[in-house]
């Protein structure tokens, strides 16, 4: 374990240590301070993949603990990527204002000089920390939201609220994952989904380059429901998967209204230009609204102009942004 060494920037009683895995008690502490931060800030400080990695040791993932007077005051996670290390971190609300976030970023930069970090909600405190380290915005992920009653009826985009079969389309068939598995078998369908995913997202730092093991690990989360995973197929045999829409019924706290998510929409590059992305998105929206969900959100790259236009036509509007800071953007 090492202590912060700059008395002008770091608290004297702060200790920072980096480990490859967390014991269960530490996992519980990280989850607690992340929940406290979300309640205080109105936005979750850690993304889905870092939260999954708390309990699932993975190569290239490091956990950094900031201990203040014996208690967990902050946490950071660094994950290797092709361009360096991607970091997400959180400081417990009760320990803020003591230089702990600055100490964590200093620590990470010394050990991971090519690091970038996510600021969920792009809070001004994160922007100030980035500026103090000569880091600028290198990526922006927008959160868009659609509310029932304030958006177009998705039947206008080919979705049938009574099922998943598109209306007026003879060139494509839409099934949920249960139906596709029943017809073609799980192994064949999962392999086809993986092929389309990696072709559609070959440019994407988190979604691209998946293995079958990665796909099935993501499908193994508690909230996954194959009835909410839709695939677009060429009609007939053999299996020819053109695209997919993976929806999410977002877990929420007791008493909060239900929330849906357009989790991932992927279209085979060879099938683009046929309106499949919009059709699949509309089918997923119809499914989520059929569950009684009135609000649906999605994440989209801020520079993806065509996707932004398509989602705006479906009634989505930008409500917040997550920003990645790094030295390349300064």
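Numbering (my numbering), first residue to last: 348 to 677.
Even glycine gets a Cβ: it sits at the ideal position worked out from N, Cα and C.
Measuring only the C-alpha atoms, how far is residue i from residue j?
i: residue 604; j: residue 640; result: 8 Å
i: residue 340; j: residue 619; result: This structure leaves residue 340 out entirely; the chain is present only between 348 and 677.
i: residue 393; j: residue 382; result: 10 Å
i: residue 622; j: residue 608; result: 20 Å
i: residue 391; j: residue 500; result: 30 Å
i: residue 666; j: residue 493; result: 10 Å
i: residue 560; j: residue 360; result: 43 Å
i: residue 584; j: residue 379; result: 50 Å
i: residue 495; j: residue 548; result: 29 Å
i: residue 427; j: residue 459; result: 10 Å
i: residue 520; j: residue 578; result: 8 Å
i: residue 660; j: residue 504; result: 10 Å
i: residue 552; j: residue 389; result: 26 Å
i: residue 591; j: residue 386; result: 33 Å
i: residue 440; j: residue 600; result: 20 Å
i: residue 571; j: residue 653; result: 28 Å
i: residue 529; j: residue 656; result: 35 Å
i: residue 377; j: residue 399; result: 12 Å
Going along the chain, which residues of its own chain have a beta-carbon closer than 7 Å to the beta-carbon of residue i, five neighbours each way excluded?
i: residue 404; result: 367, 368
i: residue 402; result: 374
i: residue 673; result: 463, 482, 485
i: residue 587; result: 580, 581
i: residue 437; result: 380, 381, 384, 392, 393, 421, 422
i: residue 546; result: 615, 616
i: residue 456; result: 462, 480
i: residue 624; result: 590, 612, 614, 657
i: residue 557; result: 541, 544, 545
i: residue 628; result: 592, 609, 612, 661
Quick check on residue i: buried or exposed, where buried means 16 or more other Cβ atoms within 10 Å of its Cβ?
i: residue 664; result: exposed
i: residue 647; result: buried
i: residue 451; result: buried
i: residue 615; result: buried
i: residue 533; result: exposed
i: residue 435; result: buried
i: residue 651; result: exposed
i: residue 638; result: exposed
i: residue 568; result: exposed
i: residue 543; result: buried
i: residue 395; result: exposed
i: residue 397; result: buried
i: residue 371; result: exposed
i: residue 471; result: exposed
i: residue 432; result: buried
Can you list, in chain order, the residues of its chain with a C-beta nearer than 8 Å to that of residue i? Leave out the 5 residues immediately preceding and following it.
i: residue 668; result: 468, 469, 487, 488, 489, 490, 649
i: residue 575; result: 523, 593, 594, 595, 596, 631, 634, 635
i: residue 516; result: 505, 626
i: residue 429; result: 552
Cutting at 6 Å between CB atoms, please list the residues of its own chain near residue i, excluding the five before and the five after it.
i: residue 442; result: 415, 420
i: residue 670; result: 466, 469, 484, 487
i: residue 573; result: 524, 525
i: residue 658; result: 491
i: residue 662; result: 493, 498, 499
i: residue 606; result: 597, 599, 642
i: residue 535; result: 586
i: residue 447; result: 413, 420, 421, 438
i: residue 565; result: none
So is the beta-carbon of residue i under 7 Å away from any non-hydrogen atom of the ligand GDP?
i: residue 579; result: Inclusion of the ligand GDP in the displayed structure is not the case, the ligand content being empty and no account of it being possible.
Are the region 471 to 479 and the region 447 to 463 touching, with three or more C-beta to C-beta distances below 8 Å? yes
What are the uninterrupted segments assigned as alpha helix (DSSP H) that are 4 or more residues long and contained completely in the region 546 to 584, given in chain order? 559 to 566
In the region 590 to 669, which residue ranges form an unbroken alpha helix (DSSP H) of at least 4 residues, counting only runs that do not cross its ends? Runs of the alpha helix (DSSP H) inside the region 590 to 669: 623 to 637, 652 to 660.
Continuous alpha helix (DSSP H) assignments of at least 4 residues falling wholly in the region 361 to 441: Uninterrupted alpha helix (DSSP H) stretches at least 4 residues long and entirely within the region 361 to 441 occur at 371 to 388, 395 to 400, given in chain order.
Please give me, in chain order, every unbroken run of the alpha helix (DSSP H) with length at least 4 that falls completely inside the region 476 to 538. 524 to 531
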